[in-house]
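This report refers to the structure that appears directly beneath it.
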Amino acid sequence: MFGQDRTELRQMFFTAWQKHQNKQLMEPLEAVVAKIIELHPEYHALLEDNKTLDKDYTPEMGQTNPFLHMAMHISIQEQLSTRRPTGIEQLYQSILNKHKDAHETEHLMMECLGKMLWEAQSQNRMPDENDYLNCLKKYL
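Per our numbering, the sequence shown starts with residue 532, numbered consecutively.
This is the structure:
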């Protein structure tokens with residue numbers, strides 16, 4: 532998405548949120564990030580404290596990684612804007628029509644996106660877009 536440096540990636544969230552709060556001019560990507568942060572008030576305090584920049588979030592600790600969560604929202608919005616994989620827009624719209632909430636629709640899609648990425652990583656292969664799209668169809 533933005534590179535491989537975890538600190539650099541996370542800093543982008545802090546910077547976008549600070550600019551948003553200070554009503555500063557933002558780059559287009561920063562505006563997208565700020566909008567996603569707005570939708571997650573549970574992360575606002577975290578993003579106002581740079582001490583969390585290096586914190587680890589593990590399932591074993593019973594924690595959701597807020598940066599991964601928000602990055603997945605960005606990924607889905609990027610998929611929709613680039614129309615990739617082919618058919619994603621139609622599936623998104625159909626899921627949205629059923630569930631009537633864009634944020635919840637993205638959360639459903641994140642389940643499939645996370646599954647696809649985990650499988651690709653654990654099997655040391657490229658993500659399978661067809662598996663992803665088929666997974667999304669279960670929400671229709």
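By construction, the Cβ of each residue, glycine as well, lies at the ideal position given by its N, Cα and C atoms.
A quick note: this is a predicted structure, and the numbers were derived from the prediction, not measured.
Count the other CB atoms within 10 Å of the CB of residue i; is the residue buried (16 or more) or exposed (fewer)?
| i | result |
| --- | --- |
| residue 649 | exposed |
| residue 556 | exposed |
| residue 538 | exposed |
| residue 639 | buried |
| residue 603 | buried |
| residue 667 | buried |
| residue 637 | buried |
When the Cα atoms are used, what is the spatial distance from residue i to residue j?
| i | j | result |
| --- | --- | --- |
| residue 595 | residue 574 | 11 Å |
| residue 577 | residue 598 | 10 Å |
| residue 647 | residue 588 | 20 Å |
| residue 548 | residue 645 | 25 Å |
| residue 691 | residue 551 | Outside the shown range of the chain (532 to 671) lies residue 691, about which nothing can therefore be said. |
| residue 580 | residue 653 | 33 Å |
| residue 571 | residue 609 | 19 Å |
| residue 546 | residue 563 | 12 Å |
| residue 590 | residue 659 | 24 Å |
Excluding the 5 residues preceding and the 5 following residue i in the sequence, name in chain order all residues of the same chain whose CB lies nearer than 6 Å to its CB.
| i | result |
| --- | --- |
| residue 614 | 620 |
| residue 634 | 570 |
Near residue i, which residues of its chain fall below 8 Å by C-beta distance, leaving aside the five closest residues on each side in sequence?
| i | result |
| --- | --- |
| residue 664 | 616, 618, 619, 622 |
| residue 542 | 584 |
| residue 651 | 657, 658, 659 |
Quick check on residue i: does DSSP put it in helix, strand or coil?
| i | result |
| --- | --- |
| residue 532 | With a pLDDT of 47 at residue 532, under the threshold of 50, the predicted position of this residue should be treated as unreliable, though the coordinate-derived value follows. Note: residue 532 maps to coil in three-state DSSP. |
| residue 650 | helix |
| residue 638 | helix |
| residue 679 | Since the first residue of the chain shown is 532 and the last is 671, residue 679 is not available in this structure. |
| residue 596 | coil |
| residue 644 | helix |
| residue 601 | helix |
Sorry if obvious, but does the Cβ on residue i come closer than 7 Å to a heavy atom of the ligand FMN?
| i | result |
| --- | --- |
| residue 574 | Absent from the structure shown: the ligand FMN. Ligands present: none. |
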